[in-house]
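2 protein chains.
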Amino acid sequence: MVRADKIILAASICMSLLTTSAMAMSKPVTIEDQGSFMAGGTVVTSPGTYDGTKPMSHDGETLHGDHAYVFYQKPVKAHKNSMVFLHGYGQSSKTWESTPDGRDGFQNIFLEKGYKTYLVDEPRRGKAGRSTVPTTISAQPDDQLWFNTFRIGQWPNYYENAAVPKDKESLDQFFREMTPDTGSFNEQVVADAMAAVFEKSGDGVLVTHSAGGGPGWATAMRTAKVRGIIALEPGTFPFPQGEVPATEATSSPFPASGEAVPMDEFMKLTKIPIVVYFGDNIPTEPTENWGQDNWRVRLKLAKKWEAVMKKYGGDVTVVSLPDIGIKGNTHFMMADLNNEQVADAMEKWMKKKGLAE
Amino acid sequence: MVRADKIILAASICMSLLTTSAMAMSKPVTIEDQGSFMAGGTVVTSPGTYDGTKPMSHDGETLHGDHAYVFYQKPVKAHKNSMVFLHGYGQSSKTWESTPDGRDGFQNIFLEKGYKTYLVDEPRRGKAGRSTVPTTISAQPDDQLWFNTFRIGQWPNYYENAAVPKDKESLDQFFREMTPDTGSFNEQVVADAMAAVFEKSGDGVLVTHSAGGGPGWATAMRTAKVRGIIALEPGTFPFPQGEVPATEATSSPFPASGEAVPMDEFMKLTKIPIVVYFGDNIPTEPTENWGQDNWRVRLKLAKKWEAVMKKYGGDVTVVSLPDIGIKGNTHFMMADLNNEQVADAMEKWMKKKGLAE
Chain A
1 MVRADKIILA
11 ASICMSLLTT
21 SAMAMSKPVT
31 IEDQGSFMAG
41 GTVVTSPGTY
51 DGTKPMSHDG
61 ETLHGDHAYV
71 FYQKPVKAHK
81 NSMVFLHGYG
91 QSSKTWESTP
101 DGRDGFQNIF
111 LEKGYKTYLV
121 DEPRRGKAGR
131 STVPTTISAQ
141 PDDQLWFNTF
151 RIGQWPNYYE
161 NAAVPKDKES
171 LDQFFREMTP
181 DTGSFNEQVV
191 ADAMAAVFEK
201 SGDGVLVTHS
211 AGGGPGWATA
221 MRTAKVRGII
231 ALEPGTFPFP
241 QGEVPATEAT
251 SSPFPASGEA
261 VPMDEFMKLT
271 KIPIVVYFGD
281 NIPTEPTENW
291 GQDNWRVRLK
301 LAKKWEAVMK
311 KYGGDVTVVS
321 LPDIGIKGNT
331 HFMMADLNNE
341 QVADAMEKWM
351 KKKGLAE
Chain B
1 MVRADKIILA
11 ASICMSLLTT
21 SAMAMSKPVT
31 IEDQGSFMAG
41 GTVVTSPGTY
51 DGTKPMSHDG
61 ETLHGDHAYV
71 FYQKPVKAHK
81 NSMVFLHGYG
91 QSSKTWESTP
101 DGRDGFQNIF
111 LEKGYKTYLV
121 DEPRRGKAGR
131 STVPTTISAQ
141 PDDQLWFNTF
151 RIGQWPNYYE
161 NAAVPKDKES
171 LDQFFREMTP
181 DTGSFNEQVV
191 ADAMAAVFEK
201 SGDGVLVTHS
211 AGGGPGWATA
221 MRTAKVRGII
231 ALEPGTFPFP
241 QGEVPATEAT
251 SSPFPASGEA
261 VPMDEFMKLT
271 KIPIVVYFGD
281 NIPTEPTENW
291 GQDNWRVRLK
301 LAKKWEAVMK
311 KYGGDVTVVS
321 LPDIGIKGNT
331 HFMMADLNNE
341 QVADAMEKWM
351 KKKGLAE
């Protein structure tokens, strides 16, 4: 009977481990400090003179807007450099939290690795919703546009090798991560706020995703506290004025164009190590599969940018994950089933560049 | 010299303690699990048939919206009951995080007390921004309207006894917590999503603030997993049909009206313990100070509601904090300088009602 008890006990421990690995942090983390703050932003004032007897007149009232929102956590015995995470289009800091199927996202994975994490909602998005400019939100259904553009598959089919959970509930959670702009997107407004984030985080590695790539490059041009950049499938790249490549034709509704910046700004990027990761299912030849073609032209632009950066002494590596044996990644590699492998590749690069101190 | 060294050491420890109490968690917390998820919501579909060759047509595409966003943390050896926090008007879950001057908010305070915390962004707010209905966001400056309505003072003057930091930077952080609706506020939509939050949190105490009060009462009518409610200055109260008091005149632009609900729904609230807290600087007589008068009529309505609830067997206590020796509280008692005292009063009540197990 002792033997049966032991088997039951062992089975029960296994069940508990399975539950833990599927739905919870892989190990407890002791947090020394955590909290949130707003960074950067501006203040606008209504015309007229404030009159405290007229609550709804708004004459002379102020609005504080265009700041970033940041949630930070500091584990005990943390590495010196912070990790600052900036989401992409239509997303918020949710991008880096639990995956759609409830596994650890990069927030937990890097905490578990001992890094201070700073998760940002960019200005005019999420909990940083207060904008100095008005806007209209359409509530236009467009889930399928993003399913294809994010290279999960061609609706309603998943790519066979896609490293994502293919159950209905996980897809439901994924679609609900989308959240609208509460004011028009402005790369300079985002970069200004991000520079203020780094004043609070201190020296760190900036991790950007997708449309966060553009303001990410601009952030590193504003502050030397960005010690390195990890860009996950960035949407665009900055080139010196006069060296922006022609925009390549694509079947995607979102063309990939380089951005022109003054040479002295461009040169700032050559002073820090940068790695760019692209996932799987990105073709090399033009295709009518516009979800894939969107990334074909971006990966091609990335390689042109890598060449120009290297010409000016930059330290840039553009990595296609399948080339290093990490397969099936969608545009959301931080949430894919193999996200721990992706995180390991990132940390390996950080260690090589002296950023994991 | 030893003596001088000791003094320097003691001074250094004091400085360190001061820094810690001002800017960090009061003690490290070991987190067994943390993460985020979306709860509830609905799906709408565009008319027409989806055509994968036309990415921008949107015919037959879906939109997943009207869910709540939740960030949860589970400390080791946690109490059985969860604590679920629902913000008020113009706010997000930021309400419960770090205070404007960087001290622990209720998120950290209750984690440190060993509670599982669930911080919610209601549907159509913050990171739960995806709405099934369109909207327009005006970017109308109105900081001063809220400064007065939130009983911090009469702009530009703070109430002398206001338990808030009175430096410019803290006020800047406070104003930036405001974030707009990304779809019209709908109490039933919020309550539906909140009931789904409790399916994930399990049995717990619901803590509501201000305009979160209305959907909070409605949540407890939907699920028995709400084991008790702590309502911080709720904006409204539900009465049995036919027993809603007349709306009292007020100099505030926001009248306080009771809501009529069917008797069987009302009766559900009489089955759980409820405490309602109001802060300081709430007058008993009508006043042209509309920021204060806004709360005079609400506190009066709360007391009428308490009487009706008791008539039907309910367990409700309406507490004015100054009456129990907690002074100077604004509408944001979870962030005021004495917020630990407020949290202690809440926990004392929870223990008395068997909710702190």
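In order, the protein sequence lines correspond to chains A and B.
For the first sequence, counting from 1, position 214 maps to 214 in UniProt numbering; every step adds exactly one.
For the second sequence, counting from 1, position 80 maps to 80 in UniProt numbering; every step adds exactly one.
Backbone N, C-alpha and C define an ideal beta-carbon position, used for all residues, glycine too.
The structure presented is a predicted model; accordingly, all values stated were derived computationally and were not measured.
| request: Report the rounded CA-to-CA distance for A:S98 versus B:M178, giving the unit in angstroms. | output: Note on geometry: alpha-carbon atoms of A:S98 and B:M178 lie some 25 Å from one another.
| message | Let's see if you can read the secondary structure: which residues bound the beta strand (DSSP E) around B:V297? | response | B:V297 -> not in any beta strand (DSSP E); alpha helix (DSSP H) instead, spanning W290 to K311.
| message | Tell me which residues share the same chain as B:I324 and place their Cβ nearer than 8 Å to its Cβ, disregarding the 5 neighbours each side in the sequence. | response | These residues qualify, in order along the chain: A345.
| request: Give the straight-line distance between the Cα atoms of A:T208 and A:L232, rounded to the nearest whole angstrom. | output: A:T208 and A:L232 have their C-alpha atoms some 6 Å from each other.
| field | Exposed unless 16 or more other CB atoms sit within 10 angstroms - verdict on A:A224 | value | Looking at its Cβ environment, which holds fewer than 16 other Cβ atoms inside 10 Å, A:A224 is exposed.
| request: Give every residue of the same chain whose Cβ lies closer than 8 Å to the Cβ of B:D293, excluding the five residues on either side of it in the sequence, and list them in chain order. | output: T250, S251, S252, P283, P286 and T287, listed in sequence order.
| Simplified DSSP state of A:D143, which is helix, strand or coil | In this structure, DSSP gives A:D143 a helical state, which the three-state scheme calls helix.
| By a C-beta neighbour count over all protein chains shown, 10 Å radius and 16 as the cutoff for buried, is B:A22 buried or exposed? | Legend: pLDDT at B:A22 = 42, less than 50; position of this residue unreliable, value from coordinates given subsequently. Classification for B:A22: exposed.
| said: Residues of chain A with CB closer than 8 Å to the CB of B:G202, please, in chain order. | reply: Under the 8 Å cutoff, chain A gives no residues; its nearest Cβ is about 14 Å from B:G202.
| In chain order, which continuous runs of the alpha helix (DSSP H) of length 4 or greater are located wholly inside the segment 231–270 of chain B? | Counting whole runs of 4 or more residues, the segment 231–270 of chain B contains the alpha helix (DSSP H) stretches 263–269.
| Looking at C-beta atoms only, is the number of pairs between the segment 237–250 of chain A and the segment 322–336 of chain A that lie closer than 8 Å three or more? | In short, these stretches do not touch, since the Cβ pair count stays below three.
| message | Less than 8 Å between C-beta atoms, sequence neighbours within five positions excluded: which residues of the same chain meet that for A:A302? | response | So the list reads P234, F237, V276, F278 and V318, once near-sequence residues are dropped.
| request: Measure the Cβ-Cβ separation of A:P141 and A:G114 and say whether it is below 8 Å. | output: Contact annotation: A:P141 and A:G114 have beta-carbon atoms that are not nearer than 8 Å.
| Local conformation of A:S210 per DSSP, three classes | The answer is helix: DSSP assigns A:S210 an H, G or I state.
| task | Go through the segment 135–183 of chain A residue by residue and report every complete run of the beta strand (DSSP E) that reaches 3 residues or more, in order. | result | If only complete runs of 3 or more residues are kept, the segment 135–183 of chain A shows the beta strand (DSSP E) at 135–137, in order along the chain.
| said: On the CB-based measure, 16 or more other CB atoms within 10 Å of its CB, does B:P123 come out buried or exposed? | reply: Buried, by the Cβ-count rule.
| said: For A:Y159, which residues in the same chain have their Cβ closer than 6 Å to its Cβ, ignoring the five residues on either side in sequence? | reply: Here the set comprises G153 and N281.
| message | Any heavy atom of the ligand NAD inside 7 Å of the beta-carbon of A:K353? | response | You won't find the ligand NAD in this model; it holds no ligand whatsoever.
| task | Run down chain A in chain order and give the residues with a C-beta less than 8 Å from the C-beta of B:W349. | result | Think of a sphere of 8 Å around the beta carbon of B:W349: no beta carbon from chain A falls inside it, the nearest being about 26 Å out.
| field | DSSP state of A:E340 mapped onto helix, strand, coil | value | Reduced to three states, the DSSP call for A:E340 is helix.
| query | Just reading off the alpha helix (DSSP H) that residue 389 of chain A is part of, what are its end residues? | reply | The structure shown has nothing for residue 389 of chain A, since chain A only spans 1 to 357.
| query | Which stretch, first to last residue, makes up the alpha helix (DSSP H) that contains A:L111? | reply | In the DSSP assignment, A:L111 falls within the alpha helix (DSSP H) that extends over F106 to E112.
| Which residues, in order along the segment 124–138 of chain A, keep a beta-carbon less than 9 Å from a beta-carbon of chain B? | Listed by position, the residues of the segment 124–138 of chain A near chain B (Cβ gap below 9 Å) are R125, G126, K127, A128, G129, R130, S131, T132, V133, P134, T135, T136, I137 and S138.
| How about the segment 52–61 of chain B and the segment 119–134 of chain A: do they share at least three Cβ pairs that are nearer than 8 Å? | Result no; under three Cβ-Cβ pairs closer than 8 Å.
| Along chain B, which residues have their Cβ under 8 Å away from the Cβ of A:I31? | What A:I31 touches in chain B: M25, P28, V29, T30 and I31.
| request: Could you work out which residue in B:T45, B:Q73 and B:H79 is closest to B:G65 when comparing CA atoms only? | output: Out of B:T45, B:Q73 and B:H79, B:T45 has the C-alpha closest to the C-alpha of B:G65.
| Leaving out five residues before and five after B:G313 in sequence, what residues of the same chain have Cβ atoms less than 7 Å from its Cβ? | Counting only Cβ-Cβ distances below 7 Å, and skipping sequence neighbours, we find T270.
| Between the segment 164–176 of chain A and the segment 93–112 of chain B, do three or more beta carbon pairs fall short of 8 Å? | Contact fails: fewer than three Cβ-Cβ distances are below 8 Å.
| query | Taking one C-beta from the segment 255–266 of chain B and one from the segment 197–204 of chain B each time, how about it: are there three or more such pairs within less than 8 Å? | reply | Taking a contact to require three or more Cβ pairs closer than 8 Å, the segment 255–266 of chain B and the segment 197–204 of chain B do not qualify as touching.
| message | Is there a Cβ of chain B sitting closer than 8 Å to that of A:D293, yes or no? | response | In terms of beta-carbon proximity, A:D293 stays away from the interface with chain B, with every pair separated by 8 Å or more.
| field | 8 Å Cβ cutoff met for A:G88 and A:S210 | value | Against a cut-off of 8 Å, the Cβ pair of A:S210 and A:G88 comes out as a contact.
| According to DSSP, which residues form a beta bridge with B:Q73? | The bridge partners DSSP lists for B:Q73 are B:Q34 and B:T117.
| request: Identify which residue in A:E112, A:A356, A:D192 and A:E306 has its Cα closest to the Cα of A:E243. | output: The shortest C-alpha separation from A:E243 is found at A:E306.
| task | Scan the segment 179–204 of chain B for residues whose Cβ lies nearer than 8 Å to a Cβ of chain A and list them as they occur along the chain. | result | Going along the segment 179–204 of chain B in chain order, one finds T179, P180, T182 and G183 with a Cβ nearer than 8 Å to chain A.
| said: Which residue marks the beginning of the beta strand (DSSP E) containing B:Y277, and which one marks its end? | reply: For B:Y277, the enclosing beta strand (DSSP E) stretches over residues P273 to F278.
| task | Identify which residue in B:P28, B:T53, B:N81 and B:Q144 has its Cα closest to the Cα of A:R49. | result | Residue identity differs from the one stated: residue 49 of chain A is Thr in this sequence, not Arg. For the set B:P28, B:T53, B:N81 and B:Q144, the Cα lying nearest the Cα of A:T49 is the one of B:Q144.
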